[in-house]
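Below is one structure, written out as structure tokens; comments come after it.
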Ligand code: HEM
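In the numbering used here, the protein residues as written are -7 to 222.
Put into structure tokens, the structure is as follows:
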């Protein structure tokens, strides 16, 4: 299935929403939540790394990695390299972001893995890792046979989109959970911070939707196999 619109059009919206989402999560964690730290007596500063690294890393870099094949004008080999490097950055920042949540819990004597968000989160990171390693081995180095590549590609695309939808969904669960904790501790339900967090989540969902729309639309260049050829 391909939407009869150029991927480039959707990709502009992706970039704008990505910049907006990154600014919003940074403003939230820096101006409203006190900033970041790796070692601190105020453990919330360790937690703040979690939404920032995950949103900017896993979600925004990950989304840009997904659409890079469809939108960039360069050769297949260059696009493949950009695709795998952007995904590697997304995965590494995502892993550090998840580690920050565990570090925050451990140093604050809070239990680990007690929520739906945390279990789906583990699933997302593990599946994202498997997807990256499989893609690297089959499509890049050492590379599978032509038959294996041909068989694998539709699964790689489908699995990649499903894991990405799961990541976006889980990010919304995370925003919801954190805001609910804050509201239960007295944060105004209609205050500036509550609006900022809710609308950062809305921007995250819109970003995900436009990433998917980009993948379903026409490639930017007339290299008609740009996306599907291995
Ligand atoms: C796909 C994106 C995300 C993944 C994979 C993810 C993953 C995780 C994991 C694995 C934990 C459990 C840590 C532990 O048990 O010690 C966790 C905790 C948490 N995350 Fe996320 N997270 C994501 C996005 C977000 C976002 C955007 C927020 C927004 C603030 C957030 C808020 C939280 C909160 C409040 C906790 C602590 C409570 C709990 O364990 O459920 N997460 N996350």
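In this text, a Cβ means the ideal position worked out from N, Cα and C, and glycines have one as well.
Please read these numbers as outputs of a predicted model, since none were measured by experiment.
Under the three-state reduction of DSSP, which class applies to residue 38: helix, strand or coil?
Here residue 38 is taken as the residue at index 46 of the chain shown, counted from 1. DSSP places residue 38 in helix when its eight states are reduced to three.
I think residue 144 touches residue 125, with their Cβ atoms under 8 Å apart; what is that distance to the nearest whole Å?
Mapped onto the chain shown, residue 144 falls at position 152. Mapped onto the chain shown, residue 125 falls at position 133. Contact flag wrong, Cβ pair sits at about 13 Å.
Near the ligand HEM: residue 50 beta-carbon under 7 Å from a heavy atom:
Residue 50 sits at position 58 when you count from the first residue of the chain shown. At least one heavy atom of the ligand HEM is nearer than 7 Å to the Cβ of residue 50, so yes.
Given the structure, does residue 185 come close to the ligand HEM, in the sense that its CB is under 7 Å from one of the ligand's heavy atoms?
As a working mapping, residue 185 is identified with position 193 in the chain shown. No - the ligand HEM has no heavy atom lying nearer than 7 Å to the Cβ of residue 185.
For the alpha helix (DSSP H) that residue 145 lies in, which residues bound it at each end?
Indexing the chain shown from 1 puts residue 145 at position 153. Per DSSP, residue 145 belongs to the alpha helix (DSSP H) from 138 to 176.
Span separating the alpha-carbon of residue 173 from that of residue 7
For the purposes of this step, residue 173 is taken as residue 181 along the chain shown, with counting starting at 1. For the purposes of this step, residue 7 is taken as residue 15 along the chain shown, with counting starting at 1. Straight-line Cα distance between these residues: approximately 31 Å.
Between the Cα of residue 206 and the Cα atoms of 187, 163, 153, which residue gives the shortest distance?
Taking the chain shown and counting its residues from 1, the one referred to as residue 206 is at position 214. Checking every option, the nearest Cα to that of residue 206 belongs to 153.
Hey, quick one: how far does the alpha helix (DSSP H) through residue 95 stretch, first residue to last?
Numbered from 1 along the chain shown, position 103 holds the residue referred to as residue 95. Following the DSSP letters along the chain, one finds residue 95 inside the alpha helix (DSSP H) bounded by residues 68 to 99.
Within 10 angstroms of its Cβ, does residue 187 collect 16 or more other Cβ (buried), or is it exposed?
Here the question's residue 187 lines up with position 195 in the chain shown. Residue 187 comes out exposed.
Quick check on residue 3: does DSSP put it in helix, strand or coil?
For the purposes of this step, residue 3 is taken as the residue at position 11 of the chain shown. Helix.
Does DSSP put residue 105 in a helix, in a strand, or in coil?
Along the chain shown, read from residue 1 onward, the residue named residue 105 stands at position 113. Assigned with DSSP and collapsed to three states, residue 105 falls in coil, not helix or strand.
Residue(s) in a DSSP beta bridge with residue 123
Walking along the chain shown from the start, residue 123 turns up at place 131. DSSP, once it has assigned bridges, lists no residue as partnering residue 123.
Evaluate contact between the segment 73 to 86 and the segment 50 to 61, counting only Cβ atoms and requiring at least three cross-stretch pairs below 8 Å.
Output reads yes: the segment 50 to 61 touches the segment 73 to 86.
Measure from the alpha carbon of residue 88 to the alpha carbon of each residue in 132, 30, 142, then state which is nearest.
As a working note, residue 88 is residue 96 in the chain shown. Residue 30 is the option with its Cα nearest to residue 88.
Judging by CA-CA distance, which residue of 148, 184, 190 is the nearest neighbour of residue 163?
On the chain shown, position 171 is the one that residue 163 refers to. Looking at the Cα atoms, 190 is the closest of the given residues.
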